[in-house]
Amino acid sequence: MTDPKETITIENVVASTGIGQELDLGPVAMDLEGVEYDPELFPGAVYRIDDPKAALLLFRSGKIVCTGAKSTDDMRRAVEIVFEKLRDLSIPVEPDGVTVQNIVSSADLGHHLNLNAIAIGLGLENIEYEPEQFPGLVYRIDDPDVVLLLFGSGKIVITGGEQPDDAEQAVGQVRNRLGELGLLT
């Protein structure tokens with residue numbers, strides 16, 4: 001049987017950075033090819049790139065949010081691309097570091113799960129389970145500080161991580177805990 005840790009896939013990396021000064025988004029949107037900017041709909045400009053695939057949200061404050069990258073390396077490459085594009089427009093860029101805000105990953109435990117039994121076994125203080133509202137069980141763990149969404153199919157979504165290893169630790173913990181409770185059958 002496949003180790004669930006081997007099934008982990010990063011689905012989205014969200015990170016933030018800044019350029020150290022305010023941006024006049026109107027001219028940036030006009031001069032930077034592919035930027036969407038409609039301040040009536042969204043207060044930032046959206047710059048999408050294809051390689052690596054990511055969207056960068058540029059805000060007047062000079063803050064930038066990168067979303068949609070499939071790895072931390074892709075996220076860093078996307079941020080560097082937008083920095084270069086801004087420099088090409090003669091906009092000084094003084095990066096203030098890149099902070100990973102959230103890594104969303106998925107995995108597969110390789111077993112169908114009885115979510116009712118898991119809700120009872122894991123203890124109601126750490127879970128939310130309302131199948132009439134949402135088909136998954138929400139399980140919060142403290143170390144690493146992440147939230148796991150468990151589905152009856154055995155699929156898991158891990159969110160809130162700040163490092164790729166957080167998903168691996170979380171999957172290992174949930175697999176071990178469910179195994180101890182006899183709920184991986």
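So the sequence shown is numbered by the UniProt record's numbering: it starts at 1 and just counts up by one.
Note that CB positions come from ideal geometry on N, CA and C, so glycine has one too.
Note that the coordinates shown come from a computational prediction; the quantities given were computed from them, not determined experimentally.
Checklist entry - How would you write the range of the beta strand (DSSP E) that Leu23 sits in, first residue to last? => result Run containing Leu23: none; DSSP gives neither H nor E here.
Checklist entry - Mind checking whether Val146 and Pro4 have CB atoms under 8 Å apart? => result Annotated as distal: Val146 and Pro4, with beta-carbon spacing of 8 Å or more.
Checklist entry - What separation, rounded to the nearest whole angstrom, lies between the Cα atoms of Pro43 and Thr159? => result Answer to the nearest angstrom: the Cα atoms are 26 Å apart.
Item to check | the region 65-84 in contact with the region 117-135 per 3-pair CB rule at 8 Å | outcome: Too few Cβ pairs lie closer than 8 Å, so no.
Next on the checklist: Taking the alpha-carbon of Arg76 as reference, which of Ala55, Leu89, Arg60 has the nearest alpha-carbon?
Outcome noted: The residue with the shortest Cα to Cα distance from Arg76 is Ala55.
Checklist entry - Taking the C-alpha atoms as reference points, what is the distance between Met30 and Asn12? => result Using only the alpha carbons, I get a separation of about 28 Å.
Next on the checklist: Tell me which residues share the same chain as Glu22 and place their Cβ nearer than 7 Å to its Cβ, disregarding the 5 neighbours each side in the sequence.
Outcome noted: So the qualifying residues of the chain are Arg60, Ser61, Gly62.
Next on the checklist: What ranges does the alpha helix (DSSP H) occupy inside the region 27-87, keeping only unbroken runs of at least 4 residues that lie completely in it?
Outcome noted: As for any alpha helix (DSSP H) of minimum length 4 sitting wholly inside the region 27-87, there is none.
Next on the checklist: I'd like to check one pair, Val138 with Ile156: are the Cβ atoms closer than 8 Å?
Outcome noted: Cβ distance not < 8 Å, so Ile156 and Val138 don't count as in contact.
Checklist entry - When the distance is taken between beta carbons, is Gln169 closer than 8 Å to residue 187? => result Outside the shown range of the chain (1 to 185) lies residue 187, about which nothing can therefore be said.
Checklist entry - Which whole-angstrom value describes the C-beta separation of Val98 and Ala15, a residue pair presumed to lie in contact below a C-beta threshold of 8 Å? => result Indeed they touch by this definition, with Cβ atoms about 5 Å apart.
Checklist entry - Of all the options Ser105, Gly26, Glu80, which has the alpha carbon lying nearest to the alpha carbon of Val93? => result Taking only the C-alpha atoms, the option nearest Val93 is Glu80.
Item to check | Nearest neighbour of Val65, chosen from Ile118, Phe134, Pro95, Leu183 [CA to CA] | outcome: Just measuring C-alpha positions, the residue of Ile118, Phe134, Pro95, Leu183 sitting nearest Val65 is Pro95.
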